[in-house]
Amino acid sequence: MGRDIGADRHYIARTRNQQTRMPVTPPRLPVRRFSAVLILLLMAGCAAPTKVPAPLVDAEDPVERADEPEARDYPWCDAPPLPPADNAYRERMEAINEEFGFPLHRLQIEGLRMLPDADALQPIEIDPNRGMLTMSPDAAWAWILMRAAARADGIGLVPLSSYRSPGYQTLIIRNRIARGDTMAEILHTSLPPGFSEHHTGDAIDIGSPSFPGLGQGFAETEAFAWLEANAARFCFELSYPKDNPYGLAFEPWHWRYVRRAQ
Ligand SMILES: [Zn+2]
Numbered sequence: 198m199g200r201d202i203g204a205d206r207h208y209i210a211r212t213r214n215q216q217t218r219m220p221v222t223p224p225r226l227p228v229r230r231f232s233a234v235l236i237l238l239l240m241a242g243c244a245a246p247t248k249v250p251a252p253l254v255d256a257e258d259p260v261e262r263a264d265e266p267e268a269r270d271y272p273w274c275d276a277p278p279l280p281p282a283d284n285a286y287r288e289r290m291e292a293i294n295e296e297f298g299f300p301l302h303r304l305q306i307e308g309l310r311m312l313p314d315a316d317a318l319q320p321i322e323i324d325p326n327r328g329m330l331t332m333s334p335d336a337a338w339a340w341i342l343m344r345a346a347a348r349a350d351g352i353g354l355v356p357l358s359s360y361r362s363p364g365y366q367t368l369i370i371r372n373r374i375a376r377g378d379t380m381a382e383i384l385h386t387s388l389p390p391g392f393s394e395h396h397t398g399d400a401i402d403i404g405s406p407s408f409p410g411l412g413q414g415f416a417e418t419e420a421f422a423w424l425e426a427n428a429a430r431f432c433f434e435l436s437y438p439k440d441n442p443y444g445l446a447f448e449p450w451h452w453r454y455v456r457r458a459q
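Going by the working numbering, the sequence shown opens with residue 198, and the numbers climb by one from there.
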């Protein structure tokens, strides 16, 4: 599996090397004055009548909040929507797809839209066989939390593929054409350059230790059952379920980070 990550990608590595230095000698506390103030505060607390804290929200708030998707209750789900694909990129992708003879209009009618190439990526895994896997910073954070939660439940989630550039997608399609696959066969299991969710850095193909490859058998694993029950808490959604409207095969391995107002 190639890692065609453009040289112009920016990698965000978060470090913790900017911690404030603590003074070597701690400041001397005015112990006597501090104790006196503490005693006075404690006495005042004992003497004061018990106060019931005022509610922070009025009665109408829960009704308004009920309209929000459940996933929005988690801070790692509150990522801004993706920017639209810009015109130059759009024209480039259309030219490539025209060369392949892909029916772009049909794809757009079926609800697939052109997706932007990620402008920032963060490593999520360095694997001796697969190289470095990356995701958009928002999706990477949610993925790390989800994988840790699964591990705490005794479930292993294995990242198989995440960000893929439009250039790499083009290579995949060229190889399939060279292999003799028909257009219908290609569009049943691959998306044309510009339309793959993997370009955005928000999609990830997931396997498990017992099923470390792409295949519909993943749907029979404990890892898939765990994802079905829990992925929404981490804002991940199955993109291509059975009988999806895009005419794509069922892909139990392919999950997408869901952004705000997407
Ligand atoms: Zn995928």
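Glycine included, each C-beta is placed from N, C-alpha and C at the ideal position. Being a predicted model, the structure only gives us computed values, none of them experimental.
Check: Which of helix, strand or coil DSSP assigns to R456; Outcome: coil
Check: Beta carbon of E419 nearer than 9 Å to that of I352; Outcome: yes
Check: Residues whose Cβ lies closer than 5 Å to any heavy atom of ligand 1, in chain order; Outcome: D402 and H451
Check: Of the residues S405, W338 and T397, the one placed nearest L279, counting alpha carbons only; Outcome: T397
Check: Segments assigned beta strand (DSSP E), at least 3 residues, entirely inside the stretch 285-366; Outcome: 319-324, 328-332 and 355-358
Check: Nearest neighbour of D283, chosen from P300, P313, G298 and L304 [CA to CA]; Outcome: P313
Check: Backbone secondary structure at L435 - three-state DSSP; Outcome: strand
Check: Chain-order list of residues whose beta-carbon lies under 7 Å from that of L239 (same chain, five-residue window excluded); Outcome: With a pLDDT of 40 at L239, under the threshold of 50, the predicted position of this residue should be treated as unreliable, and no value is reported.
Check: Contacts around V228, its chain only, beta-carbon distance under 8 Å, and the 5 residues preceding and following it disregarded; Outcome: Annotation note: pLDDT 40 at V228 (below 50); position unreliable, coordinate value reported separately. Excluding sequence neighbours, V228 sits near nothing in its chain.
Check: F421 in three-state terms, based on DSSP; Outcome: helix
Check: Nearest to M412 (by Cα), restricted to the options A339, L301 and A446; Outcome: Note that residue 412 corresponds to Gly in the displayed sequence, not to Met. When only C-alpha atoms are compared, the closest one is A446.
Check: Integer-rounded CB distance, given that A400 should sit under 8 Å from S359; Outcome: 7 Å
Check: Burial state of A347, where buried means 16 or more other Cβ atoms lie within 10 Å; Outcome: buried
Check: Whole-angstrom distance between G328 and S436, CA atom to CA atom; Outcome: 25 Å
Check: Burial state of A165, where buried means 16 or more other Cβ atoms lie within 10 Å; Outcome: The structure shown does not extend to residue 165, since the chain spans only 198 to 459, so no value can be given for it.
Check: Nearest to F408 (by Cα), restricted to the options P320, D350, G391 and P356; Outcome: P356
Check: Under 9 Å between C-beta atoms of I323 and M332; Outcome: no
Check: Cα-Cα separation, E382 to P272; Outcome: 40 Å
Check: Sequence-distant residues of its chain with Cβ nearer than 8 Å to T367 (five each side left out); Outcome: I293 and P390
Check: F433 versus G298 - alpha carbon distance; Outcome: 33 Å
Check: Alpha-carbon to alpha-carbon, L354 and R344; Outcome: 6 Å
Check: C-alpha gap between L342 and E417, whole angstroms; Outcome: 23 Å
Check: Option nearest L304 by Cα separation, candidates A422, H385, A336 and G404; Outcome: H385
Check: Anticipated Cβ contact below 8 Å, Y461 with E307, distance rounded; Outcome: Summary: the structure shown does not reach residue 461, with the chain confined to residues 198 through 459, and so no result is reported for it.
Check: CA-to-CA distance, D270 to G414, given in whole angstroms; Outcome: 32 Å
Check: Beta-carbon contacts of R373 that lie in its chain and below 7 Å, excluding the five residues immediately before and after; Outcome: I383 and S387
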